[in-house]
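Residues in the sequence shown are numbered consecutively from 1331, following the working numbering. The structure appears right after this line, and notes come after that.
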Amino acid sequence: MLLNPSLELRSDSGFKAATAFLRWIGIQVDFEPSQVTEVCIASTRYIPLSACMDIAALENSLGYQFVHEGLLLQALYILLTTSMEEAAIRGLEFLGDAVLDYLITSYLYSVYPKLKPGQLTDLRSVSVNNKAFANVAVDRVLPQISNLEILVAFQRL
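So this is what it looks like as structure tokens:
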């Protein structure tokens, strides 16, 4: 079940502010909000895979509610299959890393607003690393899914 059936970007999502910041620091952003919306819409083809896992339990375990379940399911499917081209996997990995970095930085800044930039960077570096994410994946995500179930469900799409 999608929490936001229209798949529109919410005005409070920070997308405009994030892209404006990237442009301000000299990073050219070559996509528009409509392209992000298109990706969200395209990911809905993965929604039938939700029958293979308890997304609500995963969300409760993580303490986070996914707005676009299709993106979550697409990412999990890619992780569990080898049929996707390596370039697509790298692109999604890069995007995921950037989103996680942004979200964690925003969270840390809101919780610790008096930290100096260097301290915030150090705290973020400790929080955003492969070992920390691997531990979360092993503890909370992997028990929720089965490779075979996902492959069978995806073949039915």
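No residue lacks a Cβ here, since even glycine has one placed at the ideal position from N, Cα and C. Values in this document were obtained by computation on a predicted structure and should not be read as measured data.
Counting along the chain, Y1407 sits inside the alpha helix (DSSP H) bounded by residues E1399 to L1410. For S1457, the enclosing alpha helix (DSSP H) covers residues P1447 to S1457.
Out of A1386, S1455 and L1401, the CA that lies nearest to the CA of Q1395 is found in A1386. Residue I1434 holds the alpha-carbon nearest to the alpha-carbon of F1463 among K1444, A1350 and I1434.
The C-beta of Q1404 has 16 or more other C-beta atoms within 10 Å across all chains shown, which makes the residue buried. Of the other Cβ atoms in all chains shown, fewer than 16 fall within 10 Å of the Cβ of E1368; this residue is therefore exposed.
Under the 8 Å Cβ criterion, the segment 1450–1465 counts as touching the segment 1425–1441, having at least three qualifying pairs.
Each of K1446, I1377, K1346 and V1359 was checked against the Cα of H1398, and the nearest Cα belongs to I1377.
Under the DSSP assignment, C1370 falls in the alpha helix (DSSP H) whose first and last residues are P1363 to A1372.
Per DSSP, the continuous alpha helix (DSSP H) segment holding S1391 begins and ends at I1385 to L1392. When C-alpha distances from Q1358 are compared across D1469, L1445 and T1349, the shortest belongs to T1349. Across the structure, C1382 and V1441 are spaced so that their CA atoms are roughly 35 Å apart. A straight line joining the alpha-carbon of L1409 with that of D1360 spans about 26 Å. Under a 10 Å Cβ-count criterion, L1352 is classified as exposed, with fewer than 16 other Cβ atoms of the shown protein chains found around its own Cβ.
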